[in-house]
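Enquirer: To convert, note that position 156 of the sequence shown is 156 in the numbering used here; the numbers rise steadily by one, no gaps. Even glycine gets a Cβ: it sits at the ideal position worked out from N, Cα and C. Since this is a predicted model, take the numbers as computed values, not measurements.
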Amino acid sequence: MPNDSTNINNKATTQNTYDAIVVGSGISGGWAAKELCEKGLKTLVLERGRNVEHPKDYTGTSLNPWELKHHGNLTQENRQESPIQSKCYAYNEVSKHFFVSDVDNPYNQVKPFDWIRGYHVGGRSLTWGRQCYRWSDIDFEANAKDGFGVDWPIRYKDIAPWYDYVEPFVGISGSLEGLPQLPDGKFQPPMEMNCLEKHVAERISKVFTDGRRMIIGRTANHTQRIGDRGPCQYRNKCHEGCPYAGYFSSNSATLPAAQKTGNLTLRPFSIVMEVIYDKDSKRAKGIRILDAETLKTEEYYAKII
Numbered sequence: 001m002p003n004d005s006t007n008i009n010n011k012a013t014t015q016n017t018y019d020a021i022v023v024g025s026g027i028s029g030g031w032a033a034k035e036l037c038e039k040g041l042k043t044l045v046l047e048r049g050r051n052v053e054h055p056k057d058y059t060g061t062s063l064n065p066w067e068l069k070h071h072g073n074l075t076q077e078n079r080q081e082s083p084i085q086s087k088c089y090a091y092n093e094v095s096k097h098f099f100v101s102d103v104d105n106p107y108n109q110v111k112p113f114d115w116i117r118g119y120h121v122g123g124r125s126l127t128w129g130r131q132c133y134r135w136s137d138i139d140f141e142a143n144a145k146d147g148f149g150v151d152w153p154i155r156y157k158d159i160a161p162w163y164d165y166v167e168p169f170v171g172i173s174g175s176l177e178g179l180p181q182l183p184d185g186k187f188q189p190p191m192e193m194n195c196l197e198k199h200v201a202e203r204i205s206k207v208f209t210d211g212r213r214m215i216i217g218r219t220a221n222h223t224q225r226i227g228d229r230g231p232c233q234y235r236n237k238c239h240e241g242c243p244y245a246g247y248f249s250s251n252s253a254t255l256p257a258a259q260k261t262g263n264l265t266l267r268p269f270s271i272v273m274e275v276i277y278d279k280d281s282k283r284a285k286g287i288r289i290l291d292a293e294t295l296k297t298e299e300y301y302a303k304i305i
């Protein structure tokens, strides 16, 4: 980043200074905000898009398909406006406002790449698939054994304690299976298989005598209450935002936890223009943003960016 100290707003260095600044409020940004705030750091979270308040802004989640103009389906106009976003399983008549317009947000592709994006508080944590599986040593050692790419500098034992730390707060339901390729975790009780799944699982166990079996998915849909967050209601409407907080998102989990500390400042409509670099310390010391509503620039400073 270029050094731009000649344009620094000196007033901002005193008024807009925090202990830490987090760019983005999706799954990673929300978690960073939670950890920093709970450790006592005054933390600013910058989000380029609009605010989405849980559960008030989940506007279509109470509607049944027959109450919707297109019964929840997409029109040809929807697909033409967002040919990339509409490929996502979660994109429908109700949830499409959680995705960017491909017409307004084009990008260059050297090779085909579907870039699914959501510019709002919570980002894709509102529309992710919620499948959560621990990597095993089979994954961490794959490059070394295959002779392809760079070997991971860590192994499962190095990251296992962090899985243990994260999973109880996230709320991952699943069964303990003792599979070397899918290490067990700190799970909530598993969801029950339906009658067809039970039949298939039984047949697989009978046909394959090598120990092969079908298990229930490990997902960040809760089967038990976590504090203010309720269990999954099995409505199949997760991607429209869950008013019960039955799955993990920044909006329902990490940002409220950060807010409870009194250390969080959340600033939506803040498009990051650049990181302010201090050539003397050789560290980032601030962020310059464009306010998407006023079109004015602001500068914010912190020791941790």
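#1: Is it buried or exposed, Leu196, if we count other Cβ atoms within 10 angstroms and call 16 or more buried?
#2: Can you grab the Cα-Cα spacing for the pair Asp102 / Pro83, in whole Å?
#3: DSSP on Leu126, reduced to helix/strand/coil?
#4: Put Arg212 into one of helix, strand or coil per three-state DSSP.
#5: Taking 8 angstroms as the cut-off, does the stretch 180–194 touch the stretch 161–168 (at least 3 CB pairs, one atom from each stretch)?
#6: Per DSSP, which residues does Thr254 bridge with? Please list them.
#7: Along the chain, where does the alpha helix (DSSP H) that runs through Val94 open and close?
#8: With a CB to CB cut of under 7 angstroms and the five nearest residues on each side skipped, what residues in its chain are close to Thr254?
#9: Closest by CA to Ser125, which one among Asp146, Ser95, Ala142?
#10: Using only the alpha-carbon positions, how far apart do Glu47 and Phe269 sit?
#11: Determine the extent of the alpha helix (DSSP H) in which Lys198 is found, giving its start and end residues.
#12: For Ser308 versus His54, is the C-beta distance shorter than 7 angstroms?
#13: Would Tyr234 be called buried (16 or more neighbouring beta carbons within 10 Å of its own) or exposed?
#14: Taking C-alpha atoms, which residue in Leu176, Gln181, Trp135, Ser173 lies nearest to Trp162?
#15: Assess contact between the stretch 240–250 and the stretch 214–229, defined as three or more Cβ pairs (one per stretch) separated by less than 8 angstroms. Is contact present?
#16: For Ile271, which option in Gly241, Gly24, Asn236 has the closest C-alpha, if you only look at C-alpha atoms?
#17: Based on Cα-Cα distance, which residue from His97, Glu67, Asn108, Val207 lies nearest to Tyr119?
#18: On the DSSP bridge assignment, give the partners of Glu298 in chain order.
#19: In terms of residue numbering, what span does the beta strand (DSSP E) encompassing Val110 cover?
#20: State buried or exposed for Gly113, treating a residue as buried only when at least 16 other CB atoms are found within 10 Å of its CB.
#21: Could you name each continuous beta strand (DSSP E) segment of 3 residues or more that falls completely within the stretch 147–173, going from the start of the chain to the end?
#22: If you count every other CB in all the chains shown that lies within 10 Å of the CB of His222, and 16 or more means buried, which is it?
#23: Please work out which residues of its chain come closer than 6 angstroms, Cβ to Cβ, to Tyr91, disregarding the five sequence neighbours upstream and downstream, and give them in chain order.
#24: Would you kindly work out how many angstroms separate the C-alpha atoms of Asn9 and Ile21, rounded to a whole number?
#25: Excluding the 5 residues preceding and the 5 following Tyr156 in the sequence, name in chain order all residues of the same chain whose CB lies nearer than 7 angstroms to its CB.
#26: What distance in whole Å lies between the Cβ atoms of Ala257 and Leu130, which are believed to be in contact at a cut-off of 8 angstroms?
#27: Helix, strand or coil, according to DSSP, for Ser86 in the structure here?
#28: Can you check whether the CB of Lys42 is closer than 7 angstroms to the CB of Asp19?
#29: In or out: Ile276 buried (at least 16 other Cβ within 10 Å) or exposed?
#30: How is Glu35 classed by DSSP in three states: helix, strand or coil?
Expert: To lay it out plainly:
#1: exposed
#2: 7 angstroms
#3: Under the three-state reduction of DSSP, Leu126 is assigned to helix.
#4: coil
#5: yes
#6: Note: Thr254 sits in no beta bridge, so no partner.
#7: First-last for Val94: undefined, no H or E at that position.
#8: Gly30, Trp31, Ala33, Lys34
#9: Ser95
#10: 6 angstroms
#11: 195–207
#12: Examination of residue 308 is not possible in this model, given that the chain is present from 1 through 305 alone.
#13: By the neighbour-count criterion, in which 16 or more other beta carbons inside 10 Å mark a residue as buried, Tyr234 falls on the exposed side.
#14: Trp135
#15: yes
#16: Taking only the C-alpha atoms, the option nearest Ile271 is Gly24.
#17: His97
#18: Answer is Ile289.
#19: In the DSSP assignment, Val110 falls outside any beta strand (DSSP E), carrying neither H nor E.
#20: Sequence check: residue 113 is Phe here, not Gly. Classification of Phe113: exposed, given that the 10 Å Cβ count is below 16.
#21: Those beta strand (DSSP E) runs which fall completely within the stretch 147–173 and span 3+ residues do not exist here.
#22: buried
#23: Gln85, Phe99
#24: Because the pLDDT at Asn9 is just 49, under 50, the model does not fix this residue reliably, and the point stays unresolved.
#25: If the five residues before and after Tyr156 are omitted, its C-beta is found closer than 7 angstroms to the C-beta atoms of Trp135, Ser136, Asp137, Phe140, Pro183, all from its own chain and listed in chain order.
#26: For the sequence presented, residue 130 should be read as Arg rather than Leu. In fact, because the Cβ distance is near 18 angstroms, the residues do not count as touching under 8 angstroms.
#27: Ser86 falls in the helix class under three-state DSSP.
#28: Contact: yes.
#29: buried
#30: helix
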